[in-house]
Amino acid sequence: MGGGELPGLLVNEIGGIHGILHGHVALLKKHFYLITMKEFLENRKHMSKKVQAIYLWWHKPIINRELLQSLPNLKVIANSGVGMDHLDLKLVASFGVKMANAPYAVSSSTADTGMALLLASARRLVEGYHVATSPGMEYSEADLLGVEVTGATVGIIGMGSIGYKIALRAKAFEMNILYHNRTRRKEQEEQAVGATYCEKIDSLLQQADFVMVVVSLTPQTHKLIGKREMELMKPTATLINISRGAVVDQEALVTALQTGVIRAAALDVTYPEPLPRDHTLLKLKNVIITPHLGIKTDKATYMVTEEAVENILAALNGLPIPSEVLPS
Ligand SMILES: O=CC(=O)O
């Protein structure tokens, strides 16, 4: 069995779709005795006492009451990303277990995903790809006319670390920047990226050519962007969502895209993920969808593991957890 004195870390699997990447195993093994869910389930009695921490990779393993009840020595659950909507925070806290996310590691790569979608939609990259790779395909010049990004207005909803990095990038593209956030950023921070605060989301929606949704999914932000909000947007505006699918009312979005209420959408997140094969969103020409590419770069995924290691070690040593998440 092995494991020595190292604290036991439960992970869903190594490799595969829901498993930590092989390149991270050495880093984790330096600090922890790794236990996969398969090993745990095969030898539950022995393993359950060893587990002191869980590392969630893409929402796995699934944390429920039964699992929490079976882990008497569990002290902390560390997430490999920033969004914690997949976890019942109150339930976990009721077991005296701490939680942490990884906001620093993900901010640049996720902001890049947002900008990539903005540019791809503005300049009709996907339609252009189909034209270029289908010789003989009929199209008119007008079919590929895009929207000029320079001088356009981006409205960022959610100005946390990812939103701020989007503003930095938008500034480099000479865009006008509006933002909405629960709390206003400091004046120096606004000035550094040239961002203007909109206290009301409505005024941002009315002015933006590109609306970028970056908020976390909470009961307060569920379907934050619905029919009413889309109708406030300009008919020439594009909606970009890199947060969670459920922040946007997807039925309302389909109608808005079909009836010209808004120009286009670019979505890295949907509900469910992936969408069923026959979903209308997959058939609309004015939509770009990517499979939750968010943080997925080699560097960012490694950094989330480093951030998780830091968080877990702090929790196990009774020190303040750098990115602790508390139930609200
Ligand atoms: O989706 C990615 C994250 O929550 O960091």
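For our numbering, add 29 to where a residue sits in the sequence shown, where the first one is 1. Built from N, CA and C at the ideal position, the CB exists for glycine as well.
1. If you count every other CB in all the chains shown that lies within 10 Å of the CB of A237, and 16 or more means buried, which is it?
2. Using the rule of at least 16 other Cβ atoms within 10 Å of the residue's Cβ for burial, across every protein chain shown, is L39 buried or exposed?
3. Determine the DSSP secondary structure at L35, reduced to helix, strand or coil.
4. Assuming L197 and L233 are in contact, meaning their beta carbons sit under 8 Å apart, how far apart are those beta carbons, in whole angstroms?
5. At what residues does the beta strand (DSSP E) containing A343 begin and finish?
6. Go ahead and pull the three-state DSSP assignment for L282.
7. Can you tell me the Cβ-Cβ gap for V183 and I317, rounded? I've got them flagged as a contact below 8 Å.
8. In terms of DSSP beta bridges, what is V242 paired with?
9. Would you identify the three-state DSSP class for K21, choosing helix, strand or coil?
10. Under 8 Å between the Cβ atoms of K89 and Y62?
11. May I ask you to report which of helix, strand or coil DSSP gives I195?
12. Is DSSP giving Y158 helix, strand or coil here?
13. What are the boundary residues of the beta strand (DSSP E) that includes A224?
Reading it off the structure:
1. buried
2. buried
3. coil
4. Their Cβ separation, rounded to whole angstroms, is 18 Å, which puts L197 and L233 out of contact at 8 Å.
5. Unbroken run through A343 is the alpha helix (DSSP H), D327 to L345; no beta strand (DSSP E).
6. helix
7. Contact doesn't hold; Cβ gap of about 16 Å is too wide.
8. I186 and N270
9. With the chain represented from 30 up to 357, any question about residue 21 goes unanswered, as that position is not in the structure.
10. no
11. helix
12. helix
13. A224 to Y226
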